[in-house]
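This report refers to the structure that appears directly beneath it.
2 protein chains.
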Amino acid sequence: MMKILITGFSGFVASHFVEFLYGLEEDVEVYGLSRSTPVFNYSKFEDKLKIMFFQIDLMEYDKLKTIFSEIKPDYVLHLAAFSSVAYSWKHPSESFTNNSNIFLNLINAIRETDTKCRILSVGSSEEYGNVNHADLPIRENQEIKPLSPYAVARVSQELMSQVFVDAFGMQIIMTRSFNHIGPRQDERFVIPSFVKRILDIKYSGQTSGEIETGDLSIIRDFVDVRDVVTAYYLLLTKGTPGEIYNICSGRGIRLDEVVKTIAEEVGVSVTTRTNPEYIRPNDNKEIVGSPYKIETELGWRRTRKFRETIHDMIIDQESCR
Amino acid sequence: MMKILITGFSGFVASHFVEFLYGLEEDVEVYGLSRSTPVFNYSKFEDKLKIMFFQIDLMEYDKLKTIFSEIKPDYVLHLAAFSSVAYSWKHPSESFTNNSNIFLNLINAIRETDTKCRILSVGSSEEYGNVNHADLPIRENQEIKPLSPYAVARVSQELMSQVFVDAFGMQIIMTRSFNHIGPRQDERFVIPSFVKRILDIKYSGQTSGEIETGDLSIIRDFVDVRDVVTAYYLLLTKGTPGEIYNICSGRGIRLDEVVKTIAEEVGVSVTTRTNPEYIRPNDNKEIVGSPYKIETELGWRRTRKFRETIHDMIIDQESCR
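Residue numbers (my numbering), protein chains in the order written: chain Z, 1 to 321; chain B, 322 to 642.
Below, the structure is given as structure tokens:
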């Protein structure tokens, strides 16, 4: 019996991770922690998985220690995060607390309860900052230059992981996860919001329309959340503690290409207009990662192409209309 | 009239900074912020300086904003910190909050109140971590490798400074301050605690005695707090925003040499015994900085030799017995 504790259990990535666990041969006990009640219906997995949910703010340190003392999980997947760059510009302090401080509480609770477990600390491609085109795709040894409060919070989390690995021999594996997208993603994020607004055009009976956007010339590396959770499982079970792994597709896509793909899949024609309010201070122009390390060390491969993911996101949003 | 706001006003460094301001020709208004009432008697400076004290925890964001709205200082010297490495191992979360989070609150309050001021963000030589002997003395472009929760918190503060400088044009100057020592330093810190215990030997009427210590083979770069505050003033008024400056002596001293110097100055003979409890996880072996940048750019020079500082610390502690 494998015991996995998942923080940020109410979120998008957790829902896909549980679905992945459901597909495994192994017996798994899942302990989900979150401030808010899960939006996904996990009861449908309970014929096979044993799932227990704990409503907790990870800043409640004593409560967290009690949970670890009682459960003693084998694996901890730390997904809880305020993962929006935009939000971090508006609420830097809150963003910092809900990334760096909650993580520090988590690993300290694990240490103080002497819980022997492997921990996955999820970081972000945002940690790299602006990288010269010549240095793309980005490898893990690239110098990091965080450009937003969110990115700084993720770097802090990573540095703290390294300190706890070195000082206490804790088994923390780290990721730098690139933009993940997929069904059930919150519409406040950029790609799902494009999908939503392009579907709005279709469902209003139009064949063409306009959407407002930020800077569409920026390039990101998108990876399907279902491939991401496979990577997380591989890293949790087989990754090397103290090591950092990119999780990415290796391919950069301009945001205007994203809009075009969605429009094609939805079957409407879309024009765009830039709204300066959507432009973030000091944004990274181009982020494309190299998945070489996780591919060669752990045999991970992404299985879903970008257009397929977009297609599934459209189907998912349409099914909820 | 120059308005200077000082956080961490109740502390050791603030007391020396106020003393330094007292010696200036200029008219200065000092606004001191601290959680606790200042232990130093600042009324003796009030014949020349206008000093106002505000009791505040920097986590009280709204109160902080009100203070900035009302005062609109020209300079902010941010000294508030939990600056003990040892403490950060025991209370990592609290240490992190009282370094990184309070700093983020501070700069965000300054930004949101549109206060045009120059800010000094004090960092630490601990950010460098273990540096190869060949790379000593450490220059500011040395790669940083924080090895303790405290060091990570200081790196986070520095990264956040850089983000706010780049994104909002804030005028934040950063230091990496090496171990500062001097009169009035809290006896929980290592050098004052050596002084105290060696004075205990003398005042118990003995000519020799034993003290328990941690690892005495480690090497640190000690700089007199009175030279440090001169550097802080120079940086606040003339440093380049977005730049980092070492504040150090350029000379490494082994802790056993420190014990020897104190013993000689006190006039007793001291043997030492290692207590493993005093040995920190993962400590840096040797930290020696290069003051080249602040010396050449701003003309700073340290004025007090190590033995002179030790002498003054002994006199100070003796006067309080």
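We treat Cβ as the ideally placed atom computed from N, Cα and C, and that holds for glycine.
Quiz item: Taking Cβ to Cβ, would you say ASP47 of chain Z is nearer than 8 angstroms to ARG184 of chain Z?
Solution: The residue you call residue 47 of chain Z lines up with position 47 of the first sequence. The residue you call residue 184 of chain Z lines up with position 184 of the first sequence. Against a cut-off of 8 angstroms, the Cβ pair of ARG184 of chain Z and ASP47 of chain Z comes out as no contact.
Practice problem: Tell whether a beta-carbon distance below 8 angstroms holds between SER121 of chain Z and ILE287 of chain Z. | Solution: The sequence position of residue 121 of chain Z within the first sequence is 121, counting from 1. The sequence position of residue 287 of chain Z within the first sequence is 287, counting from 1. Not a contact, by the Cβ cut-off of 8 angstroms.
Quiz prompt | Residues near VAL152 of chain Z in its chain [Cβ-Cβ closer than 8 angstroms; skip 5 each side] | solution = As a working mapping, residue 152 of chain Z is identified with position 152 in the first sequence. Contacts found: PHE96, PRO146.
Practice problem: In the DSSP assignment, find the alpha helix (DSSP H) that holds ALA558 of chain B and state where it starts and stops. | Solution: Mapped onto the second sequence, residue 558 of chain B falls at position 237. Residue identity check: residue 558 of chain B is Thr in the sequence provided, not Ala. Where THR558 of chain B is concerned, the enclosing alpha helix (DSSP H) stretches over 546 to 559.
Self-check item: Beta-bridge partners of GLU308 of chain Z, as assigned by DSSP
Solution: Here residue 308 of chain Z refers to the residue found at position 308 when the first sequence is read from its first residue. Per DSSP, none; premise fails for GLU308 of chain Z.
Practice problem: Count the other C-beta atoms from every protein chain shown that fall within 10 angstroms of the C-beta of ASN426 of chain B, then say buried if there are 16 or more, exposed otherwise. | Solution: By one-based count along the second sequence, residue 426 of chain B stands at place 105. Counting Cβ neighbours within 10 Å, ASN426 of chain B comes out buried, since at least 16 surround it.
Self-check item: Within-8 angstroms CB hit, PHE96 of chain Z to chain B
Solution: Sequence index remark: in the first sequence, residue 96 of chain Z carries index 96 (1-based). So yes, PHE96 of chain Z belongs to the interface.
Self-check item: Classification of MET495 of chain B by the beta-carbon crowding that lies within 10 angstroms, buried from 16 upward
Solution: In the second sequence, the residue the question calls residue 495 of chain B occupies position 174. It counts as buried.
Exercise. Determine, using beta carbons only, whether MET313 of chain Z comes closer than 8 angstroms to chain B.
Key: Translated into positions along the first sequence, residue 313 of chain Z becomes position 313. Taking Cβ atoms only, chain B never reaches closer than 8 angstroms to MET313 of chain Z, which makes this a no.
Exercise. Taking a Cβ distance cut-off of 7 angstroms, strictly less, list which residues of the stretch 23 to 43 of chain Z are near chain B, in chain order.
Key: none
Practice problem: Kindly indicate if chain Z contains any beta-carbon less than 8 angstroms away from that of ASP435 of chain B. | Solution: Along the second sequence, read from residue 1 onward, the residue named residue 435 of chain B stands at position 114. With 8 angstroms as the cut-off, ASP435 of chain B does not count as an interface residue toward chain Z.
Quiz prompt | alpha helix (DSSP H) segment containing LYS202 of chain Z, residue limits | solution = Sequence index remark: in the first sequence, residue 202 of chain Z carries index 202 (1-based). First-last of the alpha helix (DSSP H) with LYS202 of chain Z: 190 to 203.
Exercise. Determine the extent of the beta strand (DSSP E) in which PHE374 of chain B is found, giving its start and end residues.
Key: Residue mapping note: residue 374 of chain B aligns to position 53 of the second sequence, counting from 1. Note, PHE374 of chain B: beta strand (DSSP E), 371 to 376.
Quiz item: From the beta carbon of VAL163 of chain Z, is the nearest beta carbon of chain B less than 8 angstroms away?
Solution: Within the first sequence, residue 163 of chain Z is the residue found at index 163, counting from 1. Taking 8 angstroms as the CB threshold, VAL163 of chain Z lines the interface with chain B.
Quiz item: How would you call GLN527 of chain B, buried or exposed, if buried means at least 16 neighbouring beta carbons within 10 angstroms?
Solution: Against the second sequence, residue 527 of chain B aligns to sequence position 206. GLN527 of chain B should be labelled exposed.
Quiz prompt | Straight-line Cα distance separating ARG302 of chain Z from ASN275 of chain Z | solution = In the first sequence, residue 275 of chain Z corresponds to position 275, counting from 1. In the first sequence, residue 302 of chain Z corresponds to position 302, counting from 1. Computed Cα separation, rounded: 34 angstroms.
Practice problem: Please list the residues of the stretch 138 to 161 of chain Z that have a C-beta atom closer than 7 angstroms to any C-beta atom in chain B, keeping them in chain order. | Solution: PRO146, LEU147, SER148, PRO149, VAL152, VAL155, SER156, LEU159, MET160
Self-check item: Nearest residue (CA-CA) to PHE627 of chain B, options B:ILE502, B:ASN567, B:LEU342
Solution: Residue mapping note: residue 627 of chain B aligns to position 306 of the second sequence, counting from 1. Measuring from the Cα of PHE627 of chain B, the nearest candidate turns out to be B:ILE502.
Quiz prompt | Test item: CB-CB of ARG330 of chain Z and TRP89 of chain Z under 8 angstroms | solution = This structure cannot speak to residue 330 of chain Z, because chain Z is shown only from 1 to 321.
Exercise. Would you be able to state if there are at least three C-beta pairs under 8 angstroms between the stretch 65 to 79 of chain Z and the stretch 103 to 118 of chain Z?
Key: yes
Quiz prompt | Whole-number beta carbon distance between GLU350 of chain B and MET650 of chain B, since they are thought to touch under 8 angstroms | solution = Because chain B spans 322 through 642 in this model, residue 650 of chain B falls outside it and cannot be assessed.
Self-check item: Reduced DSSP secondary structure (H/G/I, E/B, other) of HIS91 of chain Z
Solution: Translated into positions along the first sequence, residue 91 of chain Z becomes position 91. When DSSP states are grouped into helix, strand and coil, HIS91 of chain Z belongs to the coil group.
Practice problem: Give a yes or no on whether the C-beta atoms belonging to ILE372 of chain B and GLY353 of chain B are separated by under 8 angstroms. | Solution: Numbered from 1 along the second sequence, position 51 holds the residue referred to as residue 372 of chain B. Numbered from 1 along the second sequence, position 32 holds the residue referred to as residue 353 of chain B. For ILE372 of chain B and GLY353 of chain B, yes; Cβs fall inside 8 angstroms.
Quiz item: Which class does GLN492 of chain B belong to by DSSP, given the choice of helix, strand or coil?
Solution: Looking up residue 492 of chain B in the second sequence gives position 171. Reduced to three states, the DSSP call for GLN492 of chain B is strand.
Quiz item: Tell me which same chain residues have a C-beta within less than 7 angstroms of the C-beta of VAL329 of chain Z, skipping the five on either side of it?
Solution: There is simply no residue 329 of chain Z to check, as chain Z begins at 1 and stops at 321 in what is shown.
Self-check item: CB-CB length for ILE539 of chain B against LYS581 of chain B, believed under 8 angstroms
Solution: Counting from 1 along the second sequence, the entry for residue 539 of chain B is found at position 218. Counting from 1 along the second sequence, the entry for residue 581 of chain B is found at position 260. Incorrect: roughly 15 angstroms between the Cβ atoms, too far for contact.
Exercise. Mind checking which residues open and close the beta strand (DSSP E) that includes LEU5 of chain Z?
Key: Along the first sequence, one-based indexing puts residue 5 of chain Z at 5. That run of the beta strand (DSSP E) goes 2 to 7.
Exercise. Report buried or exposed for CYS641 of chain B, applying the criterion of at least 16 other Cβ atoms within 10 angstroms of its Cβ.
Key: If you number the second sequence from 1, residue 641 of chain B lands on position 320. Exposed: under 16 other Cβ atoms inside 10 Å.
Quiz prompt | Between the CA atoms of GLN492 of chain B and GLY560 of chain B - distance to the nearest angstrom | solution = Along the second sequence, read from residue 1 onward, the residue named residue 560 of chain B stands at position 239. Along the second sequence, read from residue 1 onward, the residue named residue 492 of chain B stands at position 171. The straight-line gap from Cα to Cα measures roughly 10 angstroms.
Exercise. Compute the Euclidean distance between the alpha carbons of THR387 of chain B and ARG439 of chain B, then round it to the nearest angstrom.
Key: In the second sequence, counting from the first residue as 1, residue 387 of chain B sits at position 66. In the second sequence, counting from the first residue as 1, residue 439 of chain B sits at position 118. Their backbone Cα atoms lie some 18 angstroms apart in a straight line.
Self-check item: Chain-order list of residues whose beta-carbon lies under 7 angstroms from that of GLY332 of chain B (same chain, five-residue window excluded)
Solution: The residue you call residue 332 of chain B lines up with position 11 of the second sequence. Cβ neighbours of GLY332 of chain B beyond the five flanking positions: LEU400.
Quiz item: Does the ligand PLP have even one heavy atom less than 7 angstroms from the beta-carbon of LYS369 of chain B?
Solution: Among the components modelled here there is no ligand, and therefore nothing to report on the ligand PLP.
Practice problem: Check whether the Cβ of SER396 of chain B lies closer than 8 angstroms to any Cβ atom in chain Z. | Solution: Reading the second sequence from its first residue, position 75 is the one you call residue 396 of chain B. Sequence inspection shows Tyr at residue 396 of chain B; the Ser mentioned does not correspond to that position. No, TYR396 of chain B lies away from the interface with chain Z (no Cβ there is under 8 angstroms from its Cβ).
Quiz item: Contact check, PHE168 of chain Z vs ARG111 of chain Z under 8 angstroms by CB: the rounded distance?
Solution: Looking up residue 168 of chain Z in the first sequence gives position 168. Looking up residue 111 of chain Z in the first sequence gives position 111. About 6 angstroms; that satisfies the 8 angstroms criterion.
Quiz item: Nearest to PRO291 of chain Z by alpha carbon, out of Z:SER249, Z:THR309, Z:THR7, Z:TYR278?
Solution: The count along the first sequence starts at 1 and reaches residue 291 of chain Z at position 291. Answer by Cα proximity: Z:SER249.
Quiz prompt | chain Z contact for ASN426 of chain B (CB, 8 angstroms cutoff) | solution = Working through the second sequence from its first residue, we reach residue 426 of chain B at position 105. Output row for ASN426 of chain B: interface = yes.
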